[in-house]
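Notes for the one structure printed next.
4 protein chains.
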Amino acid sequence: MISPTKIQGIFTPNVVPFYDDHRINEGELRRYTNWLIEKGVTGLYPNGSTGEFIRISFEQRIRVVEIMADEARGRVPILAGAAEPNIDMVFQACKRYADLGCRAVSVTGPYYFKVSQHSIEHYFRELAAKSPIDILLYNIPQFSNEISLDVVKRLAMDCPRIVGIKDSSRDMPRFMDTLNEVKTQRPDFSCMIGCEEILLPVLLMGGDGGTIACSGVAPEAVMRLYNSFLSGDIAEAKRVQFKLLELIKTMFAAGNFPEGFREGVNLRGFHTGRGPQPMSPHEMEHFNAIRSKLACLLKECGFAEAADSCQTSSAKVDSMLERIRKRLP
Amino acid sequence: MISPTKIQGIFTPNVVPFYDDHRINEGELRRYTNWLIEKGVTGLYPNGSTGEFIRISFEQRIRVVEIMADEARGRVPILAGAAEPNIDMVFQACKRYADLGCRAVSVTGPYYFKVSQHSIEHYFRELAAKSPIDILLYNIPQFSNEISLDVVKRLAMDCPRIVGIKDSSRDMPRFMDTLNEVKTQRPDFSCMIGCEEILLPVLLMGGDGGTIACSGVAPEAVMRLYNSFLSGDIAEAKRVQFKLLELIKTMFAAGNFPEGFREGVNLRGFHTGRGPQPMSPHEMEHFNAIRSKLACLLKECGFAEAADSCQTSSAKVDSMLERIRKRLP
Amino acid sequence: MISPTKIQGIFTPNVVPFYDDHRINEGELRRYTNWLIEKGVTGLYPNGSTGEFIRISFEQRIRVVEIMADEARGRVPILAGAAEPNIDMVFQACKRYADLGCRAVSVTGPYYFKVSQHSIEHYFRELAAKSPIDILLYNIPQFSNEISLDVVKRLAMDCPRIVGIKDSSRDMPRFMDTLNEVKTQRPDFSCMIGCEEILLPVLLMGGDGGTIACSGVAPEAVMRLYNSFLSGDIAEAKRVQFKLLELIKTMFAAGNFPEGFREGVNLRGFHTGRGPQPMSPHEMEHFNAIRSKLACLLKECGFAEAADSCQTSSAKVDSMLERIRKRLP
Amino acid sequence: MISPTKIQGIFTPNVVPFYDDHRINEGELRRYTNWLIEKGVTGLYPNGSTGEFIRISFEQRIRVVEIMADEARGRVPILAGAAEPNIDMVFQACKRYADLGCRAVSVTGPYYFKVSQHSIEHYFRELAAKSPIDILLYNIPQFSNEISLDVVKRLAMDCPRIVGIKDSSRDMPRFMDTLNEVKTQRPDFSCMIGCEEILLPVLLMGGDGGTIACSGVAPEAVMRLYNSFLSGDIAEAKRVQFKLLELIKTMFAAGNFPEGFREGVNLRGFHTGRGPQPMSPHEMEHFNAIRSKLACLLKECGFAEAADSCQTSSAKVDSMLERIRKRLP
C-alpha cells in the first residue's frame, strides 16, 4: 500500500528489543509496535539512529521492518530507514520496503568517509531515479555527511521521488531556511525535525512534524503536545514541550545513545534487553542511577508502571550521579 | 542612570563608521545612533561582534560608547560590550560604562586560548563580585570559549549582578534548556537570542528578545516583527521573520562579517566606510555584486533610498555571483 | 598459521577490484595480490579504509580476505580489517580470519555514533578476552571514534591479544607520546603509522612501520624508502619520502577517497573498475585531469606502463584542474 | 640591528613575569632574559602565545619587547610577536620593533572572526608591502584563522619581506608538504616548528628549528637536543626529545595554558607571579599537585633548584591528580 499521503505528524523511531544472546526479540517488538499504534503515534520509523541500524546486520534491518509492517497491518504509515552501505543495497532495501507497503524510506548521507556535496547530490539523484518508493532525506551531520541546503533545494526541485527531509542537525536556523527556500517552492515537501527539544518551535514556524525518539517512551505526552498544537492550544503544547525537556536530557545522559531511550521503553513495561554496544561496569553504575531518575520523571508524567523503579529522592539521585560522574572520564 | 529595567526587546548591535584613514567617523556615528532611536529600536548595543570590538583599540571601544551615550541622552538603554583582554581592563571599561549611564555590559568568554569551564565560571564570579554595572553573559562559541549551560545556571543562581544571557550560539535546543532550567528558577534573568534567523521562535517560546544585527539595517522590519509578536499578530510576525531570512543570508554572504551588514547600513543612507579587515580585489568584485542584490532586497522592503543601487535583475546578479564565486577559493 | 612475528614493515592496504555490475573481480584481486607480494611489500592489509570495508557487505569483506589469503599462501603476513558493526560480527570475522591463517586483525573504534572512551575500552577488552587472533587497534578519528592514548596504554598493559596500534590520525605528537608511554613499557607493541606523509619521520623516531596506501600503487618506491632506512641510507630514504609527497597529494585530490589510489593501481596495469561510491559527471571530469597528472608522476618514477596516459604537460593539467575546480563547489 | 641572518635554531617564547597587581615585573623579565641568553638559546621570542600577548594591552606588548631588546643588547636575535588587532596597529608595532633592532616579527592570521583565505592572503600582502621589518607567518589554527599552505606558497614566492613560517598547527604532514613545496622553491624560507613534541623529527626532515616553549624552562635540555642534532649525534638528540615529552605533557596539563610553563620557569628560580587569566580554587589545588610533579621532573633533569619543591613520590602525585581530576569537570 503505497499511499500518496504527505508525511507529517509524529513518527516514532523505535528501539529494537534484543534477547540476551543478541537475537531480536520478535515478540516484544510486535507488542511494542502495537502499543505505539494504540497510543496514537502518527507513524512508525524503524531503522533510524534510535533503532541502531548501523550496529545490526543487513538481514536484521530487513527483518525489523518485516515484523513491524506485519504487526501494523496498514494502520499507520511506516517510514523505513534504508541507509545501507552502498547504492545496490539501498535499492535492495527499497524494493523490500515497497513490497511491505511502507510509506517511504529515509536515507542518510554516506557515513564514515567524508564525501563531497557533488557526490552526495549525485548519489541521491541516482536513488531518486530508480527507487520504487518515496525517499526522505535524512540529514544528521553529527554522524554522517551533511546534506547541504543547496543540495536539498536542487533535489527537491528536480526529484518527485524525494518527498521531504528529516533534519536531525539540531540547527534551527537551517530549518528556517529550509522552510523558506524549499517549502515555499514545493509545498508538499515534508519538513520534519529530528530534534526533540525544538518540536514545538518547528511546528509553530510551519514544519510538518518530527521523528521524535521520546515519543517511543512517552507517546501520550508527545501526542498531547502535537494535538494541542493542531487544536490551537499553544499554551498547553508549550507546557508539554518544556515538561519533556528534562526527560529528553535524562535519556541522552544515560550511557551511550540510545541506551537511555531503551531504558525509558523498559520502564513503560517492555523487555528490550541491552543494545549491541556494551557498557562498562562503571557506566552501568551511572546508568542505574539515571534509571531511577528517569523512573521518577515518568512517574511524575503519570505513568504508574514506572513508579516502582523510582526509589530515591531526586536530590539523592543527583548527588549520586554527581559522585559517579566524577569517576568517569 | 542605572535603571533596574529588565533587558528585553530588540537591541541593535551597530557597525562603527570609519573614515578612509581608519579614524572613527564620529559625526556619522551620531547621526546613525539617532536614526536607530528614531526608528524605535528598544536599545543600543555598541562593541558587539558587529561592532568589530576585537579589531579596534581599547581607547576606540571606550570612545564608541561615549559618543553613543552622549547622543542617546538616556532615550534608550545601552548594553555595552566589554569583552576586554583581561579582567582589569574589563573593570576599567565597566566603570566607564557605568559612569556613562549604560544599562549593562555584555562580556564573552575568553577568546583565542581554550580555557576550562572552571576558569570561565571563576572569571565571571570575580567580575560579578566587583562590577559597578549589571552583566549580560555573551555566549558565542564560534569565536570565543563557550559558557556552558551548567556554568550559566550556577552564575544565574548566585550572582545578582549577572542579569541575563545573550546567546549567539545558533543553538536553539540549548536556548530551550536555558529557558527551562534558568528562567524558571530566576524569572528576571533575561534570555536574549543573538541569532537573527530564529528571533520569532525564541519569542514564541518565552525568550526576552534579541540582539539582532539586521535591526541596524532594517529597524522598521525587525520592530514590526517584534511589535506584531507583542500585539499577538503572530501571522504578521511570521511573515516578516521569513521575509528577513533572505536579507540576513545575503548580508552574511557579502565578504567577511560584518561587511554585508555595514553595506546594508550604507544603503540606508549612511557613510560607514570600510571596516578594519581589508578585502582582496577578488572579494570586492563579489561584494559589489552582492551589494546590488542587497539594494534590491531593501528596495522590495520599501526602503526607497536603496533603489538607486538596485541596478540589475536578480537573475543577473545571481548569475554574476555564480561566476565570481567560482573564481574564489 | 598464527605466527608470533612482530608486526612491522610496510603493510599494503589494498583497493578492491570490481566489475561494472559491482561484483568483486576475483581474478584481478588475485593478480594484484600476487603482484604486491612480488614487489616485496612486507604484508597485506585487506579491509582497511582503502579497501572501503564500510561500503561493501559483510560477506564481501570475508570473501576479500579468503581470496587474498588463498593467493598469498603464507608468503607474507596478512592483517585483516575486522571493524564489523557489532561485537558478535567482529568475533565471527576474527574466527574466519584466524582459520585463514591471518597474522592479526585490525579493529577501529565504533563509527557513526559517538561513544565514550569507557565504552571503547570495555569493547576492546571484551574483544581481547575472546578473540582467537591477535588484534591491532586502528585509530582513525577522522572517520570513527578516537581510541584515546590513555585507553591504548591500559589495553597494551593488560591485554596480550592486543599487539599494537595502527594510527591514522595524522597526529605525530600523539605518535611520539605513544612510543614514549606505551612502547617503552611493552617493547613488542607494534606502533604502525597510517599516514603516508610521515612514514620516514616515524621510522626515524622508532616506529615499527606503516600501513601505507601508496605502497599499493608504487610498492617499489615505498619499499625503497623502507629498505634504505633499514640499511642506514637516510639520505636516500628522505629523497624518496619527499618524492612521494606529490604523488600522495595527487591521489588524495582525485575524487572521493580512495578513487585516486584506485586509479593509481589501474595506471600500474590493473583493472579495478570504479568503487561503490558513484562520482558525479563534474567530478569525473576533474578526475580525468588528475588521472593524467598521476600518470605523469608515475612515469617520472620510472613506471613505463603509466606513460601512455601521461598525455599533457603538467602545466596544462594544472590549468585544466584550476578551471574545473572552479566549477566544483 | 636588522641582520640578514636566516631565522633558524631554537627561539624561546617567554612567559611574562607579573607583580601581584598585574603590572609587568620588569626586573624579573630582565633577569630571565639574561638567563635565557646565558643558557645559550638561539633567539628570543616575546609576545608569542606563551607570552599571552592576547591578554595584555598594546602598550604592555610594546614594553615587553623594549625591555628584552634593551637587556639582550644584540647578543641574540629577537623575533617579536606583532599579532595586533588591525593592520595599522601591526605597522605601528613593526616600526617600533624595527627601531629596537629586532630580527623579525611574527604575525598570526586574524583571530576571533572567521576570515576567508583570500582576505588572509591580501592582509599579509599588504603587511609585506609596507613593513619595515621581516615577517614570519605564524600558523596556529587552534586559536586563530589558519594560513593555508596554498597561501603560504604564494606569499613565499611573491614577498621577500616574508621570510618564513612558524607552524604551531601540530600537523606534521602539513610541515612535510611545506618543506617540499615551499622550501624547495625558496631555500632561504625558514620553516620553524611551534610544536615541542616533534622538534627532532622536524629537524631530521630539514626544518630550520623551532619556537619551543619548554626551552624557556629547560633551555639546557632543548639546546642539548639541538646541538646534538647539529653535531650528528642523533641518538643523544632522540634520548633528550623523548625525555622532554613527559615534561611537556605535564606543563600542558597544569591549568590553562601557559600556567604550567610559567610554573616551570618559577621552579628554575624566577618569580613570574600569576598570569592574567585567573584560576579557580579547584584548579589551584590541581595545579599545586602538578607543580610537585613538575619539580620532580626538573630535579630528575639535574636542575637542583627545583629539588625542594619535589616533595612527594610520583605515585602519590599521580593518585592525588587522579582524585582531583575527578572533581573537575
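Protein chains in written order, with the numbering used here: chain B, 1 to 329; chain V, 330 to 658; chain Z, 659 to 987; chain E, 988 to 1316. A virtual CB, placed ideally from N, CA and C, is assigned to each residue, including glycine. Remember, predicted model here, so these are calculated numbers, not experimental data.
{"Query": "Any beta carbon of chain E sitting closer than 8 Å to that of S448(V)?", "Result": "yes"}
{"Query": "Compare the beta carbon distance of E71(B) and R103(B) with 8 Å and say whether it is the shorter of the two.", "Result": "no"}
{"Query": "Measure how close the beta-carbons of T1237(E) and L1284(E) come, nearest whole angstrom, since I'm counting them as under 8 Å.", "Result": "6 Å"}
{"Query": "Considering only the alpha carbon of each residue, which of T869(Z), S977(Z) and F900(Z) lies closest to P735(Z)?", "Result": "T869(Z)"}
{"Query": "Once DSSP output is grouped into helix, strand and coil, what is the label at M521(V)?", "Result": "strand"}
{"Query": "Looking only at its chain, what residues have a beta carbon closer than 7 Å to the beta carbon of C1081(E), apart from the 5 residues adjacent to it on each side?", "Result": "A1069, V1092, S1118, P1119 and I1120"}
{"Query": "For the alpha helix (DSSP H) that contains Y555(V), what are its first and last residues?", "Result": "P548 to L559"}
{"Query": "Can you check whether the C-beta of Y1099(E) is within less than 8 Å of a C-beta belonging to chain V?", "Result": "yes"}
{"Query": "Assuming V723(Z) contacts A738(Z) under a Cβ cut-off of 8 Å, what Cβ separation, rounded to an integer in Å, is found between them?", "Result": "5 Å"}
{"Query": "Under a CB-based cut-off of 8 Å, is P329(B) close to chain V?", "Result": "Reliability fails at P329(B), whose pLDDT of 38 lies under 50, so the model's placement of it is uncertain and no value is given."}
{"Query": "Whose C-beta lies closer than 7 Å to the C-beta of E236(B) among residues of the same chain, with five residues either side of it excluded?", "Result": "S228"}
{"Query": "Taking CB distances under 8 Å as the criterion, tell me whether L1136(E) reaches chain Z.", "Result": "no"}
{"Query": "Name, in chain order, the residues that DSSP records as bridge partners for N139(B).", "Result": "D167(B)"}
{"Query": "Would you list the one or two residues that DSSP bridges to G1349(E)?", "Result": "Nothing in the structure corresponds to residue 1349(E), since chain E is present only between 988 and 1316."}
{"Query": "List, in chain order, every chain V residue whose beta-carbon is nearer than 9 Å to that of P17(B).", "Result": "Going along chain V, no residue has its Cβ under 9 Å from P17(B), so there is no contact; the nearest lies around 28 Å."}
{"Query": "By alpha-carbon positions, which one of L373(V), K628(V), E388(V) and D417(V) ends up nearest to A398(V)?", "Result": "L373(V)"}
{"Query": "How should R1083(E) be labelled, buried or exposed, when 16 other C-beta atoms within 10 angstroms of its C-beta is the threshold for buried?", "Result": "buried"}
{"Query": "If you draw a straight line from the C-alpha of I1074(E) to the C-alpha of Q606(V), how long is it?", "Result": "8 Å"}
{"Query": "Closer than 8 Å between beta carbons: that is the criterion. Which residues of the segment 1074 to 1085 of chain E meet it against chain V?", "Result": "I1074, D1075 and M1076"}
{"Query": "Would you mind listing the alpha helix (DSSP H) stretches within the segment 1005 to 1076 of chain E that are 4+ residues and don't spill past its ends, in chain order?", "Result": "1013 to 1025 and 1045 to 1059"}
{"Query": "Quick test of the definition: if touching needs 3 or more C-beta pairs under 8 Å, does the segment 1251 to 1263 of chain E touch the segment 1283 to 1297 of chain E?", "Result": "yes"}
{"Query": "Here's the rule I'm using: 16 or more other beta-carbon atoms within 10 Å means buried, otherwise exposed. How should L952(Z) be labelled?", "Result": "buried"}
{"Query": "Interface residues of chain Z around E1184(E) at Cβ under 8 Å?", "Result": "M830, P831, M834 and D835"}
{"Query": "Return the CA-CA distance between I1152(E) and Y112(B), expressed in angstroms with no decimal places.", "Result": "34 Å"}
{"Query": "Tell me the residue span of the alpha helix (DSSP H) that contains A1276(E).", "Result": "P1268 to E1287"}
{"Query": "Take D161(B) and list the residues in its own chain whose beta-carbon comes closer than 7 Å to its own, dropping the five residues that flank it on each side.", "Result": "Checking the sequence shown, residue 161(B) turns out to be Arg, not Asp. Within the same chain, R161(B) has close Cβ partners A128, S131, D134 and I135."}
{"Query": "Have a look at the DSSP bridge pairing and note the partners of V105(B).", "Result": "A80(B) and I135(B)"}
{"Query": "With DSSP collapsed to three states, give me the class of G275(B).", "Result": "coil"}
{"Query": "Which of the three DSSP states, helix, strand or coil, is assigned to S1103(E)?", "Result": "coil"}
{"Query": "Quick check on T1171(E): buried or exposed, where buried means 16 or more other Cβ atoms within 10 Å of its Cβ?", "Result": "exposed"}
{"Query": "If we count the other Cβ atoms within 10 Å of its Cβ and call it buried at 16 or more, is Y1348(E) buried or exposed?", "Result": "Absent from the structure is residue 1348(E), since the part of chain E shown begins at 988 and ends at 1316."}
{"Query": "Using C-beta distances below 6 Å, list every residue in its chain close to L203(B), excluding the 5 sequence neighbours before and after it, in chain order.", "Result": "F229"}
{"Query": "From the beta carbon of Q1042(E), is the nearest beta carbon of chain V less than 8 Å away?", "Result": "The sequence given here places Arg at residue 1042(E); Gln does not occur at that position. Yes, its Cβ sits closer than 8 Å to a Cβ of chain V."}
{"Query": "Are K39(B) and M192(B) closer than 8 Å when you measure CB to CB?", "Result": "no"}
{"Query": "If I follow the unbroken beta strand (DSSP E) through T513(V), where does it start and stop?", "Result": "Element bounds for T513(V): n/a, residue is neither H nor E."}
{"Query": "Against chain Z, with Cβ distances strictly below 8 Å, would P276(B) count as a contact?", "Result": "yes"}
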